[in-house]
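Okay, so here's the structure we're looking at.
Protein chains: 2
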Amino acid sequence: MSSDQLSNTFSALADPTRRAILAKLTTGEKTVSDLAEPFDMTMPAITKHLKVLEKAHLIERSKQAQYRPCKLHPEPLKDIDEWMEQYRQFFEASFDRLDDYLQQLQSKSEDINGNE
Amino acid sequence: MSSDQLSNTFSALADPTRRAILAKLTTGEKTVSDLAEPFDMTMPAITKHLKVLEKAHLIERSKQAQYRPCKLHPEPLKDIDEWMEQYRQFFEASFDRLDDYLQQLQSKSEDINGNE
DNA sequence: GCATTACTTTACTATCAGGTTAAATAACCA
DNA sequence: TGGTTATTTAACCTGATAGTAAAGTAATGC
């Protein structure tokens, strides 16, 4: 179940360790040890997290000597951003405020001009 | 583990049934039966999904006679949108194209001027 | 060739997630 | 009061997740 791409992406992001890994990758390619360094966790745990991120296509891996560097592959985040679009009108404060503002203007001009 | 708010929100969204429930709530308050209707799933399963959404503060519930209507509470989506901000530069096509364009300009000027 | 470094795989454990059926609760309505 | 409708709770099953320790692989470099 929940094997669709969007579910996979959300699921991969639902873990603070994995989000921290992605954040670290915004500064460029990193080795597994680089990524593991801040966490109080064994290497196999990190390997697993990387597998989850890879399966969700949020990272790409390569080989350089004995290293297997990771780099950010942000496209799935774009899909989330697009999914979010349908909700943006419900949570965007600036939009709400603009809307309120426009409605205020509207009612003021009605007061002044006596429009219907 | 992963008890932080953002993880909770991502986790709640990592299920197509729950995303469909949220989508349906964009058109207004709905009863549990309304929400359950499109799914090939028993009521207890829906109750559980609603509990997950409620725990993630993505919905709010009330009481009206024997109904317990649900309404969208989109604020946590705003948090995701804000989290996304740090990645937007990596996936926004317009930015990428601008970046490509600047790099092209750069390499052209290198060709012409013989810069290192 | 052999130790070291950098990982991954395997096997195992514990907990959580998503579903079920059956029973419980709670408000309406005749 | 007692039946019907709406929803939840309880108990259970199954499979996935997140971690571990220990062994395996693979490239580097003396």
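Sequence order for the protein chains is S and H.
Mapped onto the numbering used here, the consecutive letters of the first sequence carry residue numbers 1 to 116.
Mapped onto the numbering used here, the consecutive letters of the second sequence carry residue numbers 1001 to 1116.
The C-beta atom is built at its ideal place from N, Cα and C for all residues, glycine as well.
Being a predicted model, the structure only gives us computed values, none of them experimental.
Chain-ordered neighbours of residue i on chain H, where CB pairs are closer than 7 Å
i        : result
Lys78(S) : Phe1091
Glu75(S) : Phe1091
Rounded straight-line distance, which links the Cα of residue j to that of residue i
i          : j          : result
Arg1117(H) : Lys71(S)   : One cannot answer for residue 1117(H) here, as it falls past the ends of chain H, which runs 1001 to 1116.
Phe10(S)   : Gln1064(H) : 33 Å
Glu92(S)   : Asp79(S)   : 19 Å
Ala1056(H) : Gln1005(H) : 7 Å
Leu53(S)   : Gln1066(H) : 44 Å
Asp40(S)   : Leu50(S)   : 16 Å
Trp1083(H) : Leu1077(H) : 10 Å
Met1074(H) : Asp1081(H) : With the sequence shown as reference, residue 1074(H) is identified as Pro, and Met is not the correct amino acid for it. Whole-angstrom Cα-Cα distance: 11 Å.
Where residue i falls, given that 16 or more other Cβ within 10 Å makes a residue buried
i          : result
Asp15(S)   : buried
Thr17(S)   : buried
Ala1045(H) : exposed
Leu38(S)   : Leu is not the amino acid found at residue 38(S); the sequence shown has Pro there. It is exposed - the Cβ of Pro38(S) has fewer than 16 other Cβ atoms within 10 Å.
Ser7(S)    : buried
Met1(S)    : At Met1(S) the pLDDT is 39, less than 50, meaning the model places this residue with poor confidence; the figure from the coordinates comes in the next sentence. Exposed, because fewer than 16 other Cβ atoms sit within 10 Å of the Cβ of Met1(S).
Closer than 7 Å at the beta carbon, the chain S residues around residue i
i          : result
Phe1010(H) : Phe10, Leu13 and Ala14
Sequence-distant residues of the same chain with beta carbon closer than 7 Å to residue i, five excluded per side
i          : result
Leu1025(H) : Ile1059, Cys1070, Lys1071 and Leu1072
Lys30(S)   : Lys24, Pro69 and Cys70
Proximal chain H residues relative to residue i, where beta-carbon distance stays under 8 Å
i        : result
Gln86(S) : Ala1023 and Thr1026
Chain H contact residues for residue i, given Cβ-Cβ distances below 9 Å
i        : result
Leu72(S) : Tyr1087 and Phe1090
Contacts that residue i makes with chain S (C-beta to C-beta distance below 9 Å)
i          : result
Asp1081(H) : Asp81, Met84, Tyr87, Arg88, Phe91 and Glu92
Sequence-distant residues of its chain with Cβ nearer than 6 Å to residue i (five each side left out)
i          : result
Ile1021(H) : Leu1035
Ser62(S)   : Pro69
Proximal chain S residues relative to residue i, where beta-carbon distance stays under 8 Å
i          : result
Asp1040(H) : Neighbours of Asp1040(H) on chain S: none; closest Cβ ~12 Å, over 8 Å.
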